[in-house]
Structures are given as structure tokens and as C-alpha cells.
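Visitor:
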Amino acid sequence: MKSMTGFGRATAPLGTNTLTVQVNSVNRKTLDLAISLPSEWAEYEAPAGELARKYAARGKINIRVDVTGAEGAQNQTINWDESAVDAVLEKLKAQAARNGIELEITPELLWSVVGSQRKKADLPAGDDVRATVLATLEEAMRAFSSMRAKEGAALLADFEDRIQKINTHVGSVAELAPAVAPAWREQLMRRLRDAGLEINTGDERVLKEVALFADRCDIAEEITRLRSHLSQFAALLRSDAEIGRKAEFILQEMGREVNTIGSKANNIEISRRVIEMKNELERVREQIANIE
Numbered sequence: 044m045k046s047m048t049g050f051g052r053a054t055a056p057l058g059t060n061t062l063t064v065q066v067n068s069v070n071r072k073t074l075d076l077a078i079s080l081p082s083e084w085a086e087y088e089a090p091a092g093e094l095a096r097k098y099a100a101r102g103k104i105n106i107r108v109d110v111t112g113a114e115g116a117q118n119q120t121i122n123w124d125e126s127a128v129d130a131v132l133e134k135l136k137a138q139a140a141r142n143g144i145e146l147e148i149t150p151e152l153l154w155s156v157v158g159s160q161r162k163k164a165d166l167p168a169g170d171d172v173r174a175t176v177l178a179t180l181e182e183a184m185r186a187f188s189s190m191r192a193k194e195g196a197a198l199l200a201d202f203e204d205r206i207q208k209i210n211t212h213v214g215s216v217a218e219l220a221p222a223v224a225p226a227w228r229e230q231l232m233r234r235l236r237d238a239g240l241e242i243n244t245g246d247e248r249v250l251k252e253v254a255l256f257a258d259r260c261d262i263a264e265e266i267t268r269l270r271s272h273l274s275q276f277a278a279l280l281r282s283d284a285e286i287g288r289k290a291e292f293i294l295q296e297m298g299r300e301v302n303t304i305g306s307k308a309n310n311i312e313i314s315r316r317v318i319e320m321k322n323e324l325e326r327v328r329e330q331i332a333n334i335e
């Protein structure tokens, strides 16, 4: 089991520079890759994406590849051509004046012009560089995957503890269920006596009412299905399959069975157990959104 949140980082020397790859992720129902590379290495984006998909199936994953020089500045944004920036601004002012517009040099406009005139470092290319970039990415992805696995192990322990608690509540409900109909029959007879009606417990009308109530409050099938869902869920948590979507479906089915038990079982103690089961299921449902 793996969490969908994680972080990984790796570095490697690249000539006189340092290559740094950082990977982080947050929850997402599908796999959403965002890869940031120096423009000179745009052709590496496809193989980088293929490599990332070997380590993750779900989540919003951000991959950033940077190159820094000896002083730590990013080569891609180390400086810009100031004279060229001034020339562009002068042309913009002249163009605005010809059209009767007063040009305001805003921070956004200045940054846009600066960005267009940034001096690019002469980053190396070739098969050796590609291999270094991808190898460093794989090292970062392994660290990222390891962190996801550690978080997943913690979530697994929490899930199994909560599933055990739900199983305990189900066992208690199963023990209480057979006494519901007899208790209701006694209550019915007491009310009849309090009303001054002397009716024998063997009266056909009483037996019919008791039988109808017993049928309405029978939760044996719901208990059987709920136990089956709990067993499937526990097995899924320990499997190597993708857990997220299937787990969400099983949790939905468990919730339905618990709700039905609560609506059918006319018993205060069973209702209390149902509330506890709902609380545990809600906590599991919140956390399962973090699972790949």
C-alpha cells in the first residue's frame, strides 16, 4: 500500500554544475504529471514521464529539474540582457505614444520583458546528459516511492485497527439481533394489558403482528454482506493491486449495509453500535482518499 503524498530529491554533478531533481505529490483520483525542465532539455519530458509512470499510478505529481552553477544560481535564470530589456521598453513606449496610450511600466510587464531577454546558459546535451538526467530522476522517484510506502504502511495499520473495531461491533449486533423480536412482543403484550385488553400470546392477531415485525427487523442478510465486505476490504489492503478506487467502492457498500441495519433494527444498543460503525467507516473513508 502506498500513500499518494510523497517527496523525493536527488542530485548529480553535471560538468561544473549540479543537477537537482525534486518530486512531490498530492492527492488526485487520476495520474496528473507536471514536469518542469530547462527549455534546452524539452525533449527529455516524454522519457521522464514514462519513467515516472513506473513509480506512480495516481496523484498530482510535480517533477522539477534544475541546474545550478558553482554559486548555486539556476543557470536558466542567472541573468538577462539589460540593454535589450531597455530597448524593448523604449519601443513599447514609442508604440504606445503613437496610439495615444500612456504606457505604465508595471512589475508584471517588466518581468515579462525580462523573461523574454533572459540569457540562457549553454547547457550540455547528448546521450550522456540524457542518461544522467533520467538516472537522477529515477533516484528521486525511488526516494519518492519509498516515502509513499512508509506513509502507506502507517495508514495500513490504522485501517486494520478500525476494521477490527467494526468487526467487533458487527459481532455484538449479531448477538443482539435475535432478542429484538421477542422484546418487541413483550412490549406489545404489555401495552395491550395496560390498555385493559386481555389477549393471549397465542392469539392469531398477536402472532401475525410479531411475525411481520420480526420480518421487518431481520438483519441477518445485512450482517452477512457486511462481514463479506469487511473481509474483502481487509484482503484488498494487503494485496498488490491498486487499492484506491476499489476500496472506495467497498466502503460505499459497507455504508449501505450499516445504514440498513440502523433503520431496521429497533434496538437502542444496536443503534449505538451502528453509530460507532459509521464513525469508523467515515474515518477510513477520509483516509482512503490518500491511498494510491
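The opening position of the sequence shown corresponds to residue 44 in our numbering, with each subsequent residue numbered one higher.
All residues carry an ideal CB built from backbone N, CA and C; glycine is no exception.
Just so you know, these numbers come straight off a predicted model, no measurement behind them.
1. Using 10 angstroms around the beta-carbon of Thr267, count the other beta-carbons present and answer buried if the total reaches 16, otherwise exposed.
2. With a CB to CB cut of under 6 Å and the five nearest residues on each side skipped, what residues in its chain are close to Gln117?
3. Kindly indicate which three-state DSSP category Asp75 falls into: helix, strand or coil?
4. Could you check which residue in Leu74, Glu83, Leu180, Thr63 has the C-alpha nearest to that of Arg288?
5. Mind checking Glu114: buried by the 16 CB within 10 Å criterion, or exposed?
6. Assign Val69 to one of two classes, buried (16 or more other C-beta atoms within 10 Å of its C-beta) or exposed (fewer than that).
7. What's the call for Gly51, buried or exposed, on a 16-neighbour Cβ count within 10 Å?
8. Answer yes if the segment 288-302 comes into contact with the segment 186-199, meaning at least three C-beta pairs across the two stretches below 8 Å, and no otherwise.
9. Which class does Ala53 belong to by DSSP, given the choice of helix, strand or coil?
10. Assign Leu62 to one of three DSSP states: helix, strand, or coil.
11. Return the first residue and the last residue of the alpha helix (DSSP H) that Asn302 is part of.
12. Following the continuous alpha helix (DSSP H) through Ile318, name the residue where it begins and the one where it ends.
13. Just to confirm my understanding: we take Leu14, look at its own chain, exclude 5 residues before and 5 after, and list those with CB closer than 8 Å. What are they?
14. Please report how far the alpha carbon of Thr120 lies from the alpha carbon of Asn142, in whole angstroms.
15. Name, in chain order, the residues that DSSP records as bridge partners for Gly348.
16. Where does the unbroken alpha helix (DSSP H) through Asp188 begin, and where does it stop?
17. Which residues in the same chain as Arg316 place their Cβ atom closer than 7 Å to its Cβ, once the five residues preceding and following it in sequence are excluded?
18. Just curious, the alpha helix (DSSP H) that Leu94 is in, first and last residue?
19. Which one of Glu203, Ser155, Ile286 has the shortest CA to CA distance from Asp129?
Guide: The relevant details are as follows:
1. Answer is exposed; the Cβ neighbour count stays below 16.
2. Because the pLDDT of Gln117 is 48, which lies under 50, any placement of that residue in the model is unreliable, and the number read from its coordinates should be weighed accordingly. In its chain, beyond the 5 residues on either side, Asp109, Thr111 have a beta carbon closer than 6 Å to the beta carbon of Gln117.
3. strand
4. That would be Leu74, whose Cα lies nearest to the Cα of Arg288.
5. At Glu114, the pLDDT of 43 sits below 50, so the modelled position is not reliable and the matter cannot be decided from this model.
6. exposed
7. buried
8. Taking 8 Å as the limit for Cβ pairs, the verdict is that the segment 288-302 does not touch the segment 186-199.
9. strand
10. In the structure shown, Leu62 sits in a strand (DSSP, three-state: E or B).
11. 287-307
12. 311-331
13. In the structure as shown, the chain starts at 44 and stops at 335, and residue 14 therefore has no counterpart that could be examined.
14. Since pLDDT at Thr120 reaches only 45, below the 50 mark, its modelled position is unreliable, and no value is offered.
15. The structure shown has nothing for residue 348, since the chain only spans 44 to 335.
16. A quick correction: the sequence has Ser, not Asp, at residue 188. Ser188 -> alpha helix (DSSP H) spans 170-219.
17. His212, Ser215, Val216
18. 88-96
19. That would be Ser155, whose Cα lies nearest to the Cα of Asp129.
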